[in-house]
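Q:
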Amino acid sequence: MRIHIATDHAGLEFSATLQQHLTDAGHEVIDHGPVAYDALDDYPGFCIAAARGVAADQAAGVDALGVVFGGSGNGEQIAANKVTGIRAALVWNDSTAALARQHNDANVISIGARQHTVDEATRFIDLFIAEPFSGDERHARRIAQLAEYETTGAIAAHPFE
10 MRIHIATDHA GLEFSATLQQ HLTDAGHEVI DHGPVAYDAL DDYPGFCIAA
60 ARGVAADQAA GVDALGVVFG GSGNGEQIAA NKVTGIRAAL VWNDSTAALA
110 RQHNDANVIS IGARQHTVDE ATRFIDLFIA EPFSGDERHA RRIAQLAEYE
160 TTGAIAAHPF E
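For what it's worth, the working numbering labels the leading residue of the sequence shown as 10, then goes sequentially.
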């Protein structure tokens, strides 16, 4: 599987370690940066680039997911979710890592590098990658509604007043 990864200065050490872990597990890792520590760097460009990579790969039929890191993971998740077709989930434990895929068919996860150890982050990523989308009708319906709103600004089944 192709894994797009991005961070900011807070997650740079995590990123290097996790890229090696993912490569050792047989994944193709695409690093969207940064490549050097800069305490004043801005995460949106890096995270959006990773999310765009995931969206483009998935549109082309390539099996791909993304991982973004920052201090808390919140801003990185928000940035990734600005990309059409991306469903980025903030992950903070084993359950949220698995459910992000199982129920939400998330294609990007965000992890707070200042909130977790490298071992925890590695476990979350491995769980996320291994967990398939359940395909349950209720989850598929909800994901379709999100995609509908993302592209049209409306949800036919739930008209806004």
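Even glycine gets a Cβ: it sits at the ideal position worked out from N, Cα and C.
(1) Which residue or residues does DSSP assign as beta-bridge partners of G94?
(2) Write down every uninterrupted run of the beta strand (DSSP E) in the segment 11-94 whose length is 3 residues or greater and which is fully enclosed by it, in chain order.
(3) Terminal residues of the continuous beta strand (DSSP E) containing V117?
(4) Can you tell me whether Q29 is buried or exposed, with buried defined as 16 or more other CB within 10 angstroms of its CB?
(5) Alpha carbon to alpha carbon, how far is G94 from D19? Give it in angstroms, no decimals.
(6) Between which two residues does the alpha helix (DSSP H) harbouring Q111 extend?
A: So, from the data block:
(1) For the purposes of this step, residue 94 is identified with residue 85 of the sequence shown, where counting begins at 1. In the DSSP output, where bridge partners are listed per residue, G94 has none listed.
(2) 11-15, 37-40, 73-79
(3) In the sequence shown, the residue the question calls residue 117 occupies position 108. Start and end: 117-121.
(4) Locating residue 29 in the sequence shown gives position 20, where the first residue counts as 1. With fewer than 16 Cβ atoms within 10 Å of its Cβ, Q29 is classed as exposed.
(5) Taking the first residue of the sequence shown as position 1, residue 19 is located at position 10. Taking the first residue of the sequence shown as position 1, residue 94 is located at position 85. Looking at the sequence provided, one finds Ala at residue 19 rather than Asp. Spanning the two alpha carbons is a distance of roughly 26 Å.
(6) Taking the first residue of the sequence shown as position 1, residue 111 is located at position 102. Looking at the DSSP string, the run of the alpha helix (DSSP H) that includes Q111 is 103-111.
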